[in-house]
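Participant: First the structure, which I've put down as structure tokens, then a few questions once you've had a look.
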Amino acid sequence: MSTNILKGKRGIIFGALNSQSIAWKVAERAHEEGAKFVLTNAPIAMRMGEINTLAEKTGSEIIPADATNLEDLDNLVTQSVEKLGGKIDFVLHSIGMSPNVRKGKHYTENDYRYYMQTMDVSAISLHKTLATCMKHDALSEWGSVIALSYIAAQRIFPDYNDMADAKSLLESIARSFGYHYGIKKKVRINTISQSPTVTTAGQGIKGFNEFINFSEQMSPLGNAPALACADYCIALFSDLTKYVTMQNLFHDGGFATTGVTQEVIEKFGD
Ligand SMILES: NC(=O)c1ccc[n+]([C@@H]2O[C@H](COP(=O)([O-])OP(=O)(O)OC[C@H]3O[C@@H](n4cnc5c(N)ncnc54)[C@H](O)[C@@H]3O)[C@@H](O)[C@H]2O)c1
Numbered sequence: 115m116s117t118n119i120l121k122g123k124r125g126i127i128f129g130a131l132n133s134q135s136i137a138w139k140v141a142e143r144a145h146e147e148g149a150k151f152v153l154t155n156a157p158i159a160m161r162m163g164e165i166n167t168l169a170e171k172t173g174s175e176i177i178p179a180d181a182t183n184l185e186d187l188d189n190l191v192t193q194s195v196e197k198l199g200g201k202i203d204f205v206l207h208s209i210g211m212s213p214n215v216r217k218g219k220h221y222t223e224n225d226y227r228y229y230m231q232t233m234d235v236s237a238i239s240l241h242k243t244l245a246t247c248m249k250h251d252a253l254s255e256w257g258s259v260i261a262l263s264y265i266a267a268q269r270i271f272p273d274y275n276d277m278a279d280a281k282s283l284l285e286s287i288a289r290s291f292g293y294h295y296g297i298k299k300k301v302r303i304n305t306i307s308q309s310p311t312v313t314t315a316g317q318g319i320k321g322f323n324e325f326i327n328f329s330e331q332m333s334p335l336g337n338a339p340a341l342a343c344a345d346y347c348i349a350l351f352s353d354l355t356k357y358v359t360m361q362n363l364f365h366d367g368g369f370a371t372t373g374v375t376q377e378v379i380e381k382f383g384d
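Going letter by letter, the sequence shown gives residues 115 to 384 in my numbering.
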């Protein structure tokens, strides 16, 4: 259902890899709600080509950018303002990747070069994006930036490995930059801590299928689907949430504040 709540708004959406991606759903919903935006992803991800379908469907341009590369970000931000015809009202940072997870490393034996890459791609890229936007004064007043996080930032989920550390850093960057950008331009910056969701990044985590079932049973409302996450992003991009900033917002069906559910406790009966 569309209410045109983003009519006239301009955005940049990072991270749509395929139709399962959370960013893909956000782009579809933002389009339905009347926004114009640029789609971006790492040049290597473009090779799969699926993003072209999304660009066509939403009438968007694609500007490739490795989110760890400042030159790429400079080009992305300046080109986006030019192509969209004005300052940017919303940015979605939907980026995550850990070479340690990919290579099946144990947290206690992680490779430190990979570890730095995890931090750079999954967390510092948010800082780089915001710094680039600030340098070019590319975000509108009351603009809204969202990065996607996960509860492993606060609680231990062993197989999430160094992505947990990256998410803690990501949430901290959202708070710190949220302060500075808030003072300077009234830009709001938040993270959404999303339920486990079946996507390419999600499925990279060991034991993901068991984990998603556990999480489902531990959430009074069940796991939040990707489309519901997209709806939440739209709400936060809109003008109806103008004073929400520097928050980590759980979008998880109640998982974060549930100690145990009856369904789970019954599994431990005689
Ligand atoms: N799937 C889940 O269970 C889940 C849960 C909570 C949070 N998240 C977060 O949601 C976000 C989106 O992930 P997703 O689940 O939609 O998976 P996804 O694999 O579809 O998206 C991850 C994206 O990151 C992009 N990316 C990787 N390296 C990059 C780089 N150097 N520059 C630019 N882009 C790069 C990938 O190309 C991909 O499009 C991530 O931050 C992820 O950690 C996912």
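Glycine residues also receive a C-beta, built at the ideal position from the N, C-alpha and C atoms.
I need the DSSP call for Leu363, collapsed to helix, strand or coil.
Facilitator: If you number the sequence shown from 1, residue 363 lands on position 249. The answer is strand: DSSP assigns Leu363 an E or B state.
Participant: Excluding the 5 residues preceding and the 5 following Thr172 in the sequence, name in chain order all residues of the same chain whose CB lies nearer than 6 angstroms to its CB.
Facilitator: What you label residue 172 is simply residue 58 of the sequence shown in a count that begins at 1. Here the set comprises Ala141 and His145.
Participant: Buried or exposed: Ala237, going by 16 or more other Cβ atoms within 10 Å of its Cβ?
Facilitator: As a first step, residue 237 must be located in the sequence shown, where it is residue number 123. Under this definition Ala237 is a buried residue.
Participant: Comparing the CB of Leu262 with every heavy atom of ligand 1, is any distance shorter than 8 angstroms?
Facilitator: What you label residue 262 is simply residue 148 of the sequence shown in a count that begins at 1. Yes.
Participant: In terms of alpha-carbon separation, which member of Phe271, Lys300, Pro213 and Val215 lies closest to Asp251?
Facilitator: Position 137 of the sequence shown holds residue 251. Checked all of Phe271, Lys300, Pro213 and Val215; the closest Cα to Asp251 is Lys300.
Participant: Can you tell me the Cα-Cα spacing of Leu354 and Arg143, whole angstroms?
Facilitator: Within the sequence shown, numbered from 1, the residue matching residue 354 stands at position 240. Within the sequence shown, numbered from 1, the residue matching residue 143 stands at position 29. Leu354 and Arg143: Cα-Cα distance of roughly 16 angstroms.
Participant: Taking contact to mean at least 3 C-beta pairs separated by less than 8 angstroms, is the segment 196 to 204 in contact with the segment 245 to 260?
Facilitator: yes
Participant: If you measure between the beta carbons of Glu164 and Ser133, is that distance less than 9 angstroms?
Facilitator: In the sequence shown, residue 164 corresponds to position 50, counting from 1. In the sequence shown, residue 133 corresponds to position 19, counting from 1. If you check the CB distance, Glu164 and Ser133 come in under 9 angstroms.
Participant: Whole angstroms is fine: what's the gap from Ile176's alpha carbon to Asn118's?
Facilitator: Position 62 of the sequence shown, counted from the first residue, corresponds to residue 176. Position 4 of the sequence shown, counted from the first residue, corresponds to residue 118. Their backbone Cα atoms lie some 23 angstroms apart in a straight line.
Participant: So if DSSP puts His207 in a beta bridge, which residue, or which two residues, is it bridged to?
Facilitator: Within the sequence shown, residue 207 is the residue found at index 93, counting from 1. According to DSSP, His207 bridges with Ala261.
Participant: The alpha helix (DSSP H) that contains Gln308, what's its start and end?
Facilitator: Residue mapping note: residue 308 aligns to position 194 of the sequence shown, counting from 1. Element bounds for Gln308: not the alpha helix (DSSP H) but the beta strand (DSSP E), Arg302 to Gln308.
Participant: CA-CA distance, Ile209 and Glu324?
Facilitator: Numbered from 1 along the sequence shown, position 95 holds the residue referred to as residue 209. Numbered from 1 along the sequence shown, position 210 holds the residue referred to as residue 324. Distance between the alpha carbons of Ile209 and Glu324: 23 angstroms.
Participant: For Pro213, which residues from the same chain have a beta carbon less than 7 angstroms from its beta carbon, with the 5 sequence-adjacent residues on both sides left out?
Facilitator: Indexing the sequence shown from 1 puts residue 213 at position 99. If we look at Pro213 and ignore the five residues flanking it on each side, its Cβ neighbours are Tyr228, Gln231 and Thr232.
Participant: Return the Cβ separation of Ala112 and Ile265 in integer angstroms, given the expectation that the two are a contact with Cβ distance under 8 angstroms.
Facilitator: Since the first residue of the chain shown is 115 and the last is 384, residue 112 is not available in this structure.
Participant: Could you tell me which of Ile136, Tyr226, Ser333 and Ala181 sits nearest to Gly368, measuring between CA atoms?
Facilitator: Taking the sequence shown and counting its residues from 1, one reaches residue 368 at position 254. Each of Ile136, Tyr226, Ser333 and Ala181 was checked against the Cα of Gly368, and the nearest Cα belongs to Ser333.
Participant: Would Leu131 and Asn155 be called neighbours here (beta carbons separated by less than 9 angstroms)?
Facilitator: The sequence position of residue 131 within the sequence shown is 17, counting from 1. The sequence position of residue 155 within the sequence shown is 41, counting from 1. Yes; because the gap between Cβ atoms is below 9 angstroms, this pair is in contact.
Participant: For Gln361 and Asp384, I'd like the C-alpha separation in whole angstroms.
Facilitator: Position 247 of the sequence shown, counting from 1, holds the residue named residue 361. Position 270 of the sequence shown, counting from 1, holds the residue named residue 384. Their backbone Cα atoms lie some 42 angstroms apart in a straight line.
Participant: Should Ala349 be listed as close to ligand 1, given that the test is whether its C-beta is under 8 angstroms from any heavy atom?
Facilitator: For this step, residue 349 is matched to residue 235 along the sequence shown. Checking every heavy atom of ligand 1 against the Cβ of Ala349, none is found closer than 8 angstroms.
Participant: Following the continuous beta strand (DSSP E) through Val152, name the residue where it begins and the one where it ends.
Facilitator: On the sequence shown, residue 152 is found 38 positions in, with the first residue counted as 1. Start and end: Lys150 to Thr154.
Participant: Based on DSSP bridge pairs, tell me the residues matched to Ile127.
Facilitator: For this step, residue 127 is matched to residue 13 along the sequence shown. Per DSSP, Leu153 and Leu206.
Participant: Let me know the alpha helix (DSSP H) ranges lying completely inside the segment 220 to 260, each 4 residues or longer, listed in chain order.
Facilitator: 226 to 233 and 239 to 249
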